[in-house]
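So the sequence shown is residues -25 to -1, 1 to 148, counted in mature numbering (1 follows the signal peptide of the UniProt record, and there is no 0).
Accompanying notes for the structure given below.
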Amino acid sequence: MKSIRSLLLAFALLAVLCTPWAAAAAEPRLASLAWLSGSWGGVRDGVQYEEHWTSAEGGMLVGMHRDLRAGRTVGFEFLRVSQRGDTIQYVSLPNGRGETHFPLKTLESRRVVFENLAHDFPQRVIYWQSHPDSLSARIEGDVNGKLESMQWAWARRKLVEPPAEAAEPRKPR
């Protein structure tokens, strides 16, 4: 009787472990990063900085970051987070030049770490959200044996709607 119970327990455990939802639950999904989506902005040391992220539809979040000082762009970056199979990666193009890939290292409910130890700086890109209307990011890495970092804190922003006359398409003459 004891061996039958053990056998039934083993089959039940095997059935649970082999179900598709059990495997899918362990696999990171791009949809888990939906909290990044939106328009974010802040100001530090006279620099206005903003970051915008699309939804994760189509297997990719697309983003951009821009820094403004005295109304002039002093830096920008094109960003994307994509998933192929069970691999998620963050890709940055600072000032629109040269892609750098950062594979996913850890993903929690409102915190994500991407890491590329072969890159000079940064080696890690970290985003987290402590409140639905805030987003924080940190880049960090080893520079000459010392951990260096930069950090941003944004508040959710509403996109500015264009004036009504600009929203209507122009008619050909």
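Where is the CB? At the ideal position from N, CA and C, for every residue including glycine.
Per DSSP, residue i is paired with what?
i: residue 54; result: 38, 67
i: residue 94; result: DSSP, once it has assigned bridges, lists no residue as partnering residue 94.
Just the Cα atoms here: how many angstroms apart are residue i and residue j?
i: residue 63; j: residue 46; result: 35 angstroms
i: residue 85; j: residue 29; result: 17 angstroms
i: residue 73; j: residue 14; result: 24 angstroms
i: residue 90; j: residue 133; result: 31 angstroms
i: residue 115; j: residue 69; result: 15 angstroms
i: residue 120; j: residue 96; result: 12 angstroms
i: residue 59; j: residue 80; result: 15 angstroms
i: residue 21; j: residue 123; result: 22 angstroms
i: residue 117; j: residue 31; result: 31 angstroms
i: residue 94; j: residue 106; result: 31 angstroms
i: residue 24; j: residue 16; result: 6 angstroms
Within this structure, are the beta carbons of residue i and residue j separated by less than 8 angstroms?
i: residue 55; j: residue 38; result: yes
i: residue 102; j: residue 11; result: yes
i: residue 3; j: residue 92; result: no
i: residue 42; j: residue 34; result: no
i: residue 87; j: residue 8; result: yes
Return the chain-ordered list of same chain residues with a C-beta closer than 6 angstroms to the C-beta of residue i, the five sequence neighbours on each side being excluded.
i: residue -2; result: A caution first: residue -2 carries a pLDDT of 42, below 50, which makes its placement in the model unreliable, though a value can still be read off. Excluding residues within five positions, none has a Cβ falling inside 6 angstroms.
i: residue 125; result: 114
i: residue 100; result: 65, 77, 89, 114
Kindly list the residues whose CB is nearer than 7 angstroms to the CB of residue i, restricted to its own chain and excluding five residues on each side of it in sequence; keep chain order.
i: residue 44; result: 21, 22
Which same chain residues, not among the five before or five after residue i, have their C-beta less than 8 angstroms away from its C-beta?
i: residue 57; result: 5, 34, 35, 36, 63, 64, 66
i: residue 98; result: 90, 91, 92, 115, 116, 117
Legend entry - Any 3 or more C-beta pairs closer than 8 angstroms across the stretch 102 to 113 and the stretch 125 to 133: yes
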